[in-house]
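Engineer: Numbering (the working numbering), first residue to last: 13 to 718. By construction, the Cβ of each residue, glycine as well, lies at the ideal position given by its N, Cα and C atoms. My structure is below; once you've seen it, I'll send some questions.
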């Protein structure tokens, strides 16, 4: 396997290639059969030593601190460490093993202490502060953003604290790192620990053939007879939607929603309390009243009041319709089962699907034959080509960390290299559930701030899209649902944010933007999933090559807003739960289950399972970076609906509008305040009306800006 990207446009980056080689290769056949963890450990340790030496060079510089010798130089340090840890952390999510888990546990406190040694370095901070207090007379907007972000980064990392408080800050951040990692590892192991093993085919009644085959394939992979269903989404979701056997729906539902609640090594109740209290203490140590106050300072929303204003506005507009939607499902269930039937959480998806089928003659699985994965990839790539003129070339010479992964070179209109893209679609035991985009290397350039960044003078990014779609079987390729097509488009939108980056500094590149802005490019792309003009470019039956019937497309469009209000309230409930944990100034001592139940009580639409607990599985707000930030999905929906309305007015493939979107917004990363970037693209600030119209909310209670 070759590890050379064979392109001068990538520019020389030996640190990255070393990290990639050691992390992706299963074993080093040219020397020893070391594990990936054993090879990454010395790179991480060397990276920490090198970065400290580079920091010392900045601190010991005899010249007066300047933007160039301090701020810019600070963005350039730590190359080897950044590359090695990016490989380690990405593998932890996508292809981990016991050795990598152990390495992460070993390195978490060391890396936390290392970061603190830098960010709490008094001499270094004094140089940064000098430049911040005495900025250059002439600065670009990007330079100003970098200076502000760098100074605030030190301030928010405890640089202004007393020595005693700095010591406590170090302890808190180390404990946060370790505890967050434990939360994620517990959740993955608990998810993998359960299977529903069925041996009687009668128990599969209601399940479409494709899901029976997938379950049989899963059983075969485990050397078991019959059918195996797991708690991973491609297995869990279809069973809850289609299986007639209510007993097994309940069993699977209970298994999923009680993960990390059991009296075993993977219980996350105490972990949650520790994480919430550590974040509260960290924020108060830095002078903030709550963790939400601390987190929101670097968000578009700015304040908890603004977040609650959005959530309240959504509740006012959506909750009445959401209640009607749930009652419609309950009525359908009573119609089928009898008037005494009480709808339970494990029934909702099942009877929702029956209602949807009745109303629209629509079944998600009827679309699967037209969404064969390789054709979906061509369709999504083709959409990017149609909008932006870029192309994708599969690259077998680029290393990957698992046989399921494919690598592509992304080329601009002039055939110059924009990026490398990795695609990893299928679930496995070594992989976290869900879907995400990540970066192995961020774009940056060393040209002067006044010089335009191009593909020729910048280090190009390496980004990855990871999902958990249903795997192909011996006689059936991977066939996606419309929801999975939307998921791919979503993560691909994040990828484009990284791919198109044209910034001078890696810390402002790609998705390095305010947290409540980062979902705009991804959610924007989801809009295309229901557009006939897009579907007609790739949706062909995998066996007959017949195009997706126009009648199917019409059913998709008519059913688009089915349970839109319920879906919105579900997201709002998660946002309320998140804010409830992180807007409390006092220590968290409550029972996690009871606290959770109270937090989302006003938008509760279904009966709760007494022993279930969302919080102990809620990686987004506990270990995934969304603490006091889950609202951002809805915040970004306001933006994406408004942005796509602009395209709808001018044509969804309008290349002029697409180029504005790329140049004014996607390529800019975090170089300016996101609202300014949005206005540069759209010509105005966004309002909620486009979202209400898209979701089919009949009566708008109130409209306002995001």
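If you pair each beta-carbon of the stretch 240-253 with each one of the stretch 332-346, do three or more pairs fall below 8 Å?
Structural biologist: no
Engineer: Just the Cα atoms here: how many angstroms apart are residue 298 and residue 598?
Structural biologist: 15 Å
Engineer: Jot down the residue ranges of each uninterrupted alpha helix (DSSP H) in the stretch 451-533, minimum 4 residues, whole runs only, in chain order.
Structural biologist: 494-511
Engineer: Since residue 171 sits in a beta bridge, which residues does DSSP pair it with?
Structural biologist: Paired residue(s): none; residue 171 is not in a bridge.
Engineer: May I have the straight-line CA-CA distance separating residue 62 from residue 519, to the nearest angstrom?
Structural biologist: 19 Å
Engineer: Would you say residue 681 and residue 642 are within 8 Å of each other, going by their C-beta atoms?
Structural biologist: no
Engineer: Mind listing, in chain order, the continuous alpha helix (DSSP H) runs of no fewer than 4 residues lying wholly within the stretch 615-701?
Structural biologist: Within the stretch 615-701, the alpha helix (DSSP H) runs of at least 4 residues that lie entirely inside it are, in chain order, 631-634, 644-662, 667-676, 686-694.
Engineer: Comparing C-alpha positions only, which one of 188, 220, 348 sits nearest to residue 122?
Structural biologist: 188
Engineer: What's the gap between the Cα of residue 663 and the Cα of residue 399?
Structural biologist: A direct Cα-Cα distance of roughly 11 Å separates residue 663 from residue 399.
Engineer: Identify the residues that DSSP records as bridge partners of residue 559: which are they?
Structural biologist: 552
Engineer: Let me make sure I understand the geometry here. Which of 417, 98, 504 has the alpha-carbon closest to that of residue 112?
Structural biologist: Here the closest residue by C-alpha is 98.
Engineer: When burial is assigned at 16 or more other CB atoms within 10 Å of the CB, is residue 724 buried or exposed?
Structural biologist: The structure shown does not extend to residue 724, since the chain is modelled only from 13 through 718, so no value can be given for it.
Engineer: Measure the alpha-carbon distance for residue 44 versus residue 639 and round it to whole angstroms.
Structural biologist: Residue placement at residue 44 cannot be trusted, given a pLDDT of 46 that sits under 50; the coordinates are not used to answer.
Engineer: Could you pull out every residue in the same chain whose Cβ sits closer than 6 Å to the Cβ of residue 654, ignoring the five residues on either side in sequence?
Structural biologist: 698, 702
Engineer: Classify residue 351 as buried or exposed, calling it buried when 16 or more other Cβ atoms lie within 10 Å of its own Cβ.
Structural biologist: exposed
Engineer: If you scan the stretch 48-120 from start to end, which runs of the alpha helix (DSSP H) of 4 or more residues do you find wholly inside it?
Structural biologist: 48-71, 85-88, 91-106
Engineer: Can you tell me whether residue 142 is buried or exposed? The criterion is at least 16 other CB atoms within 10 Å of its CB, across all chains shown.
Structural biologist: Exposed.
Engineer: Cutting at 6 Å between CB atoms, please list the residues of its own chain near residue 568, excluding the five before and the five after it.
Structural biologist: Answer for residue 568: 542, listed in chain order.
Engineer: Under 8 Å between the Cβ atoms of residue 483 and residue 438?
Structural biologist: yes
Engineer: Could you spell out the range, first to last residue, of the alpha helix (DSSP H) harbouring residue 574?
Structural biologist: Careful: residue 574 lies outside any alpha helix (DSSP H) and carries neither H nor E.
Engineer: At the level of alpha carbons, what is the spacing between residue 594 and residue 65?
Structural biologist: 37 Å
Engineer: CB of residue 105 to nearest heavy atom of the ligand COA: below 7 Å?
Structural biologist: Among the ligands in the structure shown, none appear at all, so the ligand COA cannot be discussed.
Engineer: Less than 8 Å separating the beta-carbons of residue 302 and residue 292?
Structural biologist: Taking the C-beta atoms as reference points, residue 292 is found nearer than 8 Å to residue 302.
Engineer: On the three-state DSSP scale, how would you describe residue 358?
Structural biologist: helix
Engineer: Since residue 387 is in the alpha helix (DSSP H), which residue starts that stretch and which ends it?
Structural biologist: Its alpha helix (DSSP H) spans residues 385-400.
Engineer: Report the residue from 401, 405, 440, 442 whose alpha carbon sits nearest the alpha carbon of residue 6.
Structural biologist: In the structure as shown, the chain starts at 13 and stops at 718, and residue 6 therefore has no counterpart that could be examined.
Engineer: By alpha-carbon positions, which one of 570, 270, 435 ends up nearest to residue 374?
Structural biologist: In terms of CA proximity to residue 374, 570 leads the group 570, 270, 435.
Engineer: Grouping DSSP H, G and I as helix and E and B as strand, with all else coil, what is residue 406?
Structural biologist: strand
Engineer: Does the Cβ-Cβ distance between residue 490 and residue 504 come in under 8 Å?
Structural biologist: no
Engineer: Would you call residue 668 buried or exposed, if buried means 16 or more other Cβ atoms sit within 10 Å of its Cβ?
Structural biologist: exposed
Engineer: What do you get for residue 333, buried or exposed, if any count of 16 or more other CB atoms within 10 angstroms of its CB means buried?
Structural biologist: buried
Engineer: Can you tell me whether DSSP reads residue 353 as helix, strand or coil?
Structural biologist: coil
Engineer: Between 287, 110, 165, 108, which lies nearest to residue 127 when the distance is taken from Cα to Cα?
Structural biologist: 165
Engineer: Report buried or exposed for residue 194, applying the criterion of at least 16 other Cβ atoms within 10 angstroms of its Cβ.
Structural biologist: Flag for residue 194 reads buried.
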